[in-house]
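S.K.: Got a structure here, written out as structure tokens. Questions coming.
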Ligand SMILES: *[C@@H]1O[C@H](CO)[C@@H](O)[C@H](O)[C@H]1NC(C)=O
């Protein structure tokens, strides 16, 4: 009986999906175009590269090539993909703006995606569509509310069209291990490598019973830090702790817009004025040897 209801619900949702696909004005092309399609749609060149890491992971990088331009590597967050740097559209998304300024843009895509057996959430096309429809058509208000609850409430910088496009690409999937590691960082109060919760396994991986701390003192490249007061996933106190551990911080900016939240870094309406303009000027000053 349970199975029967399950099937019925599935059929309803699926039917809704199929119907919605046919005649729904809110069906946004950008929500369903993968990164290569988005990049080409807005007239930029695209390349895909496979990169094998020293420890045997196979990463995918999406590139908007610019021969001779300074390379920039964009690394997305948990559950995200290279689309994070594109969903704000050609006038505002960081990848395009960097390319316009002459940078050779590289974006890692779906980190550790294929190499892990346990994925969350399960990556099936149908499930992704169900999630998208639920979030954009049926439960639009609740979904936006939930995003605000997780990322920090900021309705002023929220473009509801952009958020629907974003939901089409997020969550992109990730490994359970990444989530677990994230939780470990919170609970341990430090910045340690993954804890296998087994002395034998930790010993095999690290040669010690407990996972070692990352050596932030070894990060010798120049670092600029930007953070928001209203970012519920990155506490100001933690970023400032990080700043004090890093040996080469050239720029440290707590953003002045008080409501700046976790997703404003990617999709805020005024993200150029609030954040990117400062970033571009810091990058120029570093290139010119002024910082
Ligand atoms: C919201 O996003 C859409 C789609 O990218 C864009 O056309 C529109 O101008 C944006 N609205 C604002 C207020 O920025």
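Residue numbers (the UniProt record's numbering): 1 to 291.
Virtual Cβ for every residue (Gly too), placed ideally from N, Cα, C.
Please read all numbers here as calculations on a predicted model, not as lab measurements.
#1: With a threshold of 16 other CB atoms inside 10 Å of the CB of residue 150, please say whether the residue is buried or exposed.
#2: Are the beta-carbon atoms belonging to residue 246 and residue 216 less than 8 Å from one another?
#3: Taking 5 Å as the limit, tell me which residues put their C-beta closer than that to any heavy atom of ligand 1, in chain order.
#4: Would you call the CB atoms of residue 56 and residue 110 closer than 8 Å?
#5: Threshold first: 4 residues or longer. Then list the alpha helix (DSSP H) segments lying entirely within the segment 174 to 246, N to C.
#6: Whose C-beta lies closer than 7 Å to the C-beta of residue 32 among residues of the same chain, with five residues either side of it excluded?
#7: Report yes if the CB atom of residue 235 is closer than 8 Å to the CB atom of residue 157, and no otherwise.
#8: Could you say which of 54, 265, 53 lies nearest to residue 231 if we only look at CA atoms?
#9: On the DSSP letters alone, give me the boundaries of the beta strand (DSSP E) that residue 60 sits inside.
#10: In terms of residues, what are the limits of the alpha helix (DSSP H) holding residue 36?
#11: What separation, rounded to the nearest whole angstrom, lies between the Cα atoms of residue 279 and residue 148?
#12: How far does the alpha helix (DSSP H) with residue 30 in it reach, from first residue to last?
#13: Starting from the C-beta of residue 138, find all residues in its chain whose C-beta is less than 7 Å away, skip the five residues before and the five after it, and write them out in chain order.
#14: How many whole angstroms separate the CB atoms of residue 87 and residue 162, which I take to be in contact at a CB cut-off of 8 Å?
#15: Taking buried to mean at least 16 other C-beta atoms within 10 Å of its own C-beta, is residue 35 buried or exposed?
#16: Starting from residue 287, trace the beta strand (DSSP E) both ways and give me its first and last residue.
#17: Quick check: residue 255 and residue 243, are their CB atoms within less than 8 Å of each other?
#18: To the nearest angstrom, how far is the alpha carbon of residue 282 from that of residue 233?
#19: Got a sec? Which residues, its chain only, sit under 7 Å from residue 117 by beta carbon, not counting five neighbours each side?
#20: Mapping DSSP to helix, strand and coil, what is residue 140?
#21: Taking the C-alpha atoms as reference points, what is the distance between residue 191 and residue 197?
#22: How many Å lie between residue 91 and residue 200 at the Cα?
#23: Which residue marks the beginning of the alpha helix (DSSP H) containing residue 252, and which one marks its end?
#24: Quick one: what's residue 49 bridged to in DSSP?
#25: In terms of alpha-carbon separation, which member of 106, 40, 95, 69 lies closest to residue 59?
#26: Let me know the secondary structure DSSP gives residue 109 once reduced to three states.
#27: So, is residue 271 buried or exposed, given that buried needs 16 or more other C-beta atoms within 10 angstroms?
#28: Could you give the DSSP three-state label for residue 264: helix, strand or coil?
#29: DSSP state of residue 291, grouped into three classes?
#30: For residue 28, which option in 166, 180, 74 has the closest C-alpha, if you only look at C-alpha atoms?
M.R.: Let me spell this out:
#1: exposed
#2: yes
#3: In chain order, the qualifying residues are 89, 159, 161, 162, 269.
#4: no
#5: 176 to 188, 199 to 206, 236 to 245
#6: 168
#7: no
#8: 265
#9: 58 to 64
#10: That run of the alpha helix (DSSP H) goes 35 to 41.
#11: 25 Å
#12: 29 to 32
#13: none
#14: 6 Å
#15: Label assigned to residue 35: buried.
#16: No beta strand (DSSP E) holds residue 287; the alpha helix (DSSP H) holding it covers 277 to 287.
#17: no
#18: Cα to Cα, the separation comes out at about 24 Å.
#19: With a pLDDT of only 46 at residue 117, under the threshold of 50, the placement of this residue in the model should not be trusted; the figure read from the coordinates follows. Closer than 7 Å at the Cβ level, and outside the excluded window around residue 117, lies no residue.
#20: helix
#21: 16 Å
#22: 52 Å
#23: First-last for residue 252: 249 to 254, but that is the beta strand (DSSP E), not the alpha helix (DSSP H).
#24: 61
#25: 106
#26: strand
#27: buried
#28: Of the three classes helix, strand and coil, the one that applies to residue 264 here is helix, per DSSP.
#29: In the three-state reduction of the DSSP assignment, residue 291 falls in the coil class.
#30: 166
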